[in-house]
Every structure is written in C-alpha cells, then in structure tokens.
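Residue numbers (my numbering): 10 to 719. Even for Gly, the Cβ is constructed at its ideal location relative to N, Cα and C. Notes for the one structure printed next.
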C-alpha cells in the first residue's frame, strides 16, 4: 500500500471516529467544520465516509444537509435509512418519514428491521393513520418482529394514541416480556383516553405482579388520582415516591401538587409548595390555577406576588390563570396591568392570552373592551369566538350570543364542544321553544348530542321552555350506564323548578340505586324541589342523608333550602333556630327565605329580625324593604309600612325594573307597550278603521322584532 492510500485510510478512519463523537453529542458546528476538512483532504469520494456524514447531520437534526448527502449516496445501508426516518419523526415531519419508508421498500436494497418498525409506527401514530398502522402491524407479524419488545411497545403506544384501546390491550396481553415502559404506556394511554379508573386498575395489577415503578409511572397514576379525586391513593403514591427516592424529581412533585389541586385539597397543596426547595414556573402555575378553579381568586393573585419575589417569571398559562382570577374578582385594574404586561412580553396575540383577555373584560362588565380584543384576533380560530359567546351569556346578553354564533358560522369557523358549552345557556335564558328545537336539530346533525354535557344543557333548556316532556326524552336517550351526575342533577332540577317535587325525589332515588353518588349540587336541587312542593319530611330526611351517609358539608344554599322548607310549612321558629345554629356564616339568601316565610304566615316578630339582617347584608336590594312593608300591611300596621317605603326613598334606592317574557323573546320594548296603550285609547275614541290600522302596525312591529332562528 503506497503512502497516499495509507494516508487516505488513516484519515478516513480518524474522521469516522470524530463523526461518531459529534453524532453522539449532536454537535452541528463541529460536524460542519469536519465536513469542510473532509472536502479539503479530498476524502468526500469515500461512500462510507459520506454515509457517516449524512447520518451525523441527521442526528444533529440538520435535515437539509442530511437529505442532500443521503440522496447522493451510491449505496444506502439500512442504518442510514433508519437514521433519516428517525430524524424526520423527531423533527415533527412524520409524512417525510413515511415517504422515505415507502421509498426504501420500493428500492428493494434494504429490508426493515426491529429498529425500522418502531420509527414507522410512531410516524403513523403522530399522523393518526390507523389503517396504515394496522398494515405495518401486519408486516411485523409476517417478518417475525411482532414479538420484539421495542416493536410491541411502539404498537401499544400507537393504538393508545389513535384511541384503539382494545387493540392496545390485546398487544399488551400478548407480550411475553412486559417492561416498566410497557406498563407505563398502557397506564398513561388509558388515562389520556379518559379511562382513569382502568388506568388505576392496571397500576394495581402492576404492583401485584411485583413490577417496579419509576417516575413516569408515578406521574401517570397521580394524574389519574386527580381526575378521580382519589386523594387517598394519591397520598399512598406520595409515600411511595419518598420510599423510592423520586422526591428529587421536580416533575413528580408538580404532578403531586396538581393531584392535590384537582382534589380540592388546597391546604395540602400549599404546604407542599412551601416545603419545596426547587420550584419552577410549572409549580407556581399549578397552584395559581388551582386557587382559581377552587374559587379562591384572591389567593391566586397573592401567590403571583410570592412567585415574583422568588425570581420566577410567569409564563403564558400563569398569566391566563391570573386574568381569570381578575375576572372572578371583577378587578379591572389588575386585569389591565396583566394586559399591559402581556403586550410588553409580546404574547398578547397568543390564542390562550386573547381568550383569557376577552373572558376577563367580559366578567368585569367591560363588553366594549372585550369585543375590541376579539376584533383584533384571527377570526378563523374557534377559542376567541367561544370566549365572546361566554362573555355575552355571563352578562345576560342572550340574543347577542345567538347572533354572534350565526356570524361565526358565516365566517366558516367550526364550532366545538366549548362553543356549545358557552352558547347553550343563552337558549336557556331566552326560553324560546322554537329556537331550542332548531338548535337541538343542529346538534344532532353535528353529532354533539352524544356528549353528556350537551345533553344536560338541552335538558335545562327544555325545562326553561316549560316542556318537561322533551327534557325527559333527552334524559331517557342516554343509557343508564352512561348517565353521569350532571345529567341526573339537570333532570332533578328541572322537575323541582316546575313544582314536581315527588318526581324529583323519585329521580334522586333512581340515581342513587344506579350507583351514582350525589354531590352538593344534586342535594341543592332535590332540597329545592322538596321546599317548593312542601315535602317537609322528605326534605329533612334527605338533608340528614347528605350529612350522615354522604358526608357532604352543607353550604349556605343547602341551609337556605331547609329554612325555606320549614318556613313554607309554618315552622318559623325551627327555621330561625337553624339559622342561629348554622356552623357557617349566614348570608342574605338564608335570611331572605325566612323573611319571605314570615310574610306568608304574618309573623312580625321574626320578620323584623330577618329584615334587619337582610338590610345589613344586602342594603341595596329593594325587594327586602318591599317584603317588610307587605308584612306590616298584612297585619294592619300601615304607618310602619309607609315608614319602610319612605326608607327606600331616603336611602336613594330604586326598584330594578324587570324584563317581561314578551320583551325578552319578541324584542318588544317599552315604546311598543305605549303603542298598546294608544290602541286601547283609540278603541274608545277613534274610528273602527283607525283602530284596525294601528293594530296591523303593532303586529308588524312584533314580526320585525322576532328573533330569527337558525
């Protein structure tokens, strides 16, 4: 071998060694320098070196250089094909990976192996190509790779990602060797497919079979515990993390914090955060969002200050949660400060931020500002539309919400589940049966009626329209095993509000027999039903059941229902004593219920006590003054009645005018009602023809103002 060849061999070998090093470290800059040296030394003609250079660029994720070099290779080995496909998948280009796989098969120069198939399966998974994934699965079986653990884990992940849970279970059960990765993939996949209970059952089986858990297992199980509000198991998992030494992992600690938050255990969550030495922005954001979700917006804003003092900069999600807190507190000042911060950080155009700003301004009764933010957004994204719809409904602007929804459809923006969650309460406010039925048909057409939250809202809408028959038909369409607490509560509440207390109690009993556990909202609905139907014994029995069997801590709403129940039955002293012995702070509603009962039964002594409390707790509500005046008038104390009415004028209160159903549904205003008065006068003083003419004008006005249906 002459000196030139020897130099060529030594240099090529040395460069290959360096390329392996740079490939392992993903050093793109060093690879480029070495590439230049290879060209300088005239070694680029080496097919082996060119192949290695192409794969190194691929592992450094430089797709342009890698593909150019790969395309020029005279011979492509399987390793180079696999490396290129892996690069495309890792760079989020699964289409290119699959195209390369097809090209490799057509070339006939390389056959896929147990490294190729996991890459291809992952590409199918990311693209949700179920049929192609099944086809690749068949190829693995034909080639004898279907029992390889890497291939099986990839198939398991793919089937879970595309929602084919049973196929995933079958792959899992056929595994001869289940690693912790296999168990984790199944547990996490079940959780992501809304099967949290199944995920915990698999975890229990994993522990029983003696498989050691790792950090990924713990995170998935804690997520499932949070969704199911299974704080007891969550605490057991926390003990396990301490035992296994996983406590140092910030992802595990954040998952535990999130579990406490979702279970409503905010004190434990705060103690956990205070005990953490290392806190990242996810840690702070989790607790801030937890306070917002659990109704403690003030603590969320205070926690933001603590986060800043520790030098942690809030992220997009943090600010969105804080804006939600500002909306809940109707704190426009703080909301505007956060808006200004978002502008300075150049994140105000992010869809999450736009949606949060629209929602915040709407809750602060700043409809104009809310709409201004919306007008600056991209009209092709659904989330901002949903936020404006929600804002209109929050401010009782139901007709505006319906009109905006029509504009949304004209813009070819596709509605999603949150759209209808925001919109459907508007139809309940309008209580227009024709519009409700049109929306019902539209939901059937789009396939949204199968969603329980949508069905529950339809039950409420038909109830508000006074058509309990339709409401019950929607309820009966849902199979018993699929009925959740929300739809049970909706139908119970519907019958209760229409005065069918016995039916509401019967439905409550059916729900309990079906195995569904009532929550605090369900008890509020059934107690309200008993109150309005005069079912005193049943109401008190259910209240005791709530306390003793289900251990639901009674809220002021529950006490208000019982006070109203006792008051309507004439047991005013019992109602008064219940208020006095309440373990929680009473509010205006509970005293208002007692005052209303005192008016019915003409009990001035207790009525005056209740009135004093309502005046103190709700000084601007003229209804309380009217009730006391009515009570005095009922027992002949006219001077006292006049004195109370004068109090309203002295304080400067004005009775808020109500909206009639005619005005709400048909759009008839006060001016229209003046037309009615003029018609009455005309019937007495005008000619018959003039009367007919004015009547036709009035009817025309009604037809013009009638809300256009979908």
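With DSSP run on the structure shown, which of helix, strand or coil describes residue i?
i: residue 571; result: helix
i: residue 203; result: coil
i: residue 481; result: helix
i: residue 683; result: Because residue 683 sits at a pLDDT of 36, beneath the cut-off of 50, its placement in the model cannot be relied upon, and the following sentence gives the value as read from the coordinates. Of the three classes helix, strand and coil, the one that applies to residue 683 here is helix, per DSSP.
i: residue 29; result: helix
i: residue 217; result: helix
i: residue 118; result: coil
i: residue 100; result: coil
i: residue 424; result: coil
i: residue 318; result: helix
i: residue 408; result: helix
i: residue 552; result: helix
i: residue 323; result: coil
i: residue 154; result: coil
i: residue 559; result: coil
What whole-angstrom Cβ distance do residue i and residue j have, given they're in contact under 8 angstroms?
i: residue 266; j: residue 246; result: Not really, about 13 angstroms apart at Cβ, beyond 8 angstroms.
i: residue 626; j: residue 615; result: In fact, because the Cβ distance is near 16 angstroms, the residues do not count as touching under 8 angstroms.
i: residue 400; j: residue 376; result: 7 angstroms
i: residue 294; j: residue 324; result: 7 angstroms
i: residue 561; j: residue 593; result: About 13 angstroms separates the two Cβ atoms, so there is no contact after all.
i: residue 458; j: residue 452; result: 5 angstroms
i: residue 497; j: residue 529; result: Contact flag wrong, Cβ pair sits at about 14 angstroms.
i: residue 599; j: residue 569; result: 5 angstroms
i: residue 88; j: residue 123; result: Rounded, the Cβ-Cβ distance is 13 angstroms, inconsistent with contact.
i: residue 536; j: residue 551; result: 6 angstroms
i: residue 285; j: residue 303; result: Between residue 303 and residue 285 the Cβ distance is about 20 angstroms, and since that is not below 8 angstroms, they are no contact.
i: residue 228; j: residue 278; result: With a Cβ gap of about 16 angstroms, residue 228 and residue 278 do not count as contacting.
i: residue 431; j: residue 395; result: 5 angstroms
With a CB to CB cut of under 7 angstroms and the five nearest residues on each side skipped, what residues in its chain are close to residue i?
i: residue 445; result: 436, 470, 471 and 474
i: residue 642; result: 650
i: residue 130; result: 142, 145, 163, 164 and 167
i: residue 93; result: 67, 75, 79 and 109
i: residue 29; result: none
i: residue 341; result: 373 and 375
i: residue 258; result: 224
For residue i, I'd like the list of residues in its chain whose CB is within less than 6 angstroms of its CB, leaving aside the five on either flank, ordered along the chain.
i: residue 633; result: 623
i: residue 95; result: 128
i: residue 234; result: 242, 243 and 268
i: residue 502; result: 534
i: residue 310; result: 334
i: residue 155; result: 149
i: residue 636; result: 604 and 608
i: residue 689; result: For residue 689, the pLDDT reaches just 36, beneath the cut-off of 50, and the residue's location in the model is therefore unreliable, leaving the point undetermined.
Quick check on this structure: which residue in the options has the alpha carbon closest to the alpha carbon of residue i?
i: residue 607; options: 572, 648 and 141; result: 572
i: residue 319; options: 30, 621, 287 and 486; result: 287
i: residue 585; options: 357, 30, 619 and 275; result: 619
i: residue 595; options: 574, 613, 567 and 578; result: 567
i: residue 547; options: 260, 518, 113 and 526; result: 518
i: residue 410; options: 433, 422, 390 and 426; result: 433
i: residue 640; options: 250, 617, 157 and 483; result: 617
i: residue 139; options: 158, 277, 177 and 281; result: 177
i: residue 646; options: 628, 631, 657 and 611; result: 611
i: residue 297; options: 312, 417, 161 and 648; result: 312
i: residue 494; options: 516, 482, 479 and 512; result: 516
i: residue 181; options: 198, 173 and 161; result: 161
i: residue 260; options: 574, 220, 289 and 125; result: 289
i: residue 201; options: 221, 222 and 172; result: 172
i: residue 736; options: 205, 206, 218 and 203; result: Residue 736 falls outside the range modelled here, since the chain spans only 10 to 719, and no answer is possible.
Considering only the beta carbon of each residue, do residue i and residue j sit closer than 9 angstroms?
i: residue 335; j: residue 306; result: yes
i: residue 90; j: residue 119; result: yes
i: residue 397; j: residue 380; result: yes
i: residue 768; j: residue 332; result: Nothing about residue 768 can be read from this structure; the chain reaches only from 10 to 719.
i: residue 386; j: residue 425; result: no
i: residue 542; j: residue 513; result: yes
i: residue 270; j: residue 326; result: no
i: residue 407; j: residue 439; result: yes
i: residue 103; j: residue 152; result: no
i: residue 199; j: residue 174; result: yes
Leaving out the 5 sequence neighbours to the left and right, which residues in its chain are closer than 8 angstroms to residue i when beta-carbon positions are compared?
i: residue 226; result: 189, 192, 193, 196, 212 and 215
i: residue 374; result: 339 and 404
i: residue 477; result: 471, 503, 504, 507 and 509
i: residue 644; result: 611 and 613
Quick one: does the C-beta of residue i sit closer than 8 angstroms to a heavy atom of the ligand ATP?
i: residue 155; result: With respect to the ligand ATP, the structure offers nothing, as it holds no ligand at all.
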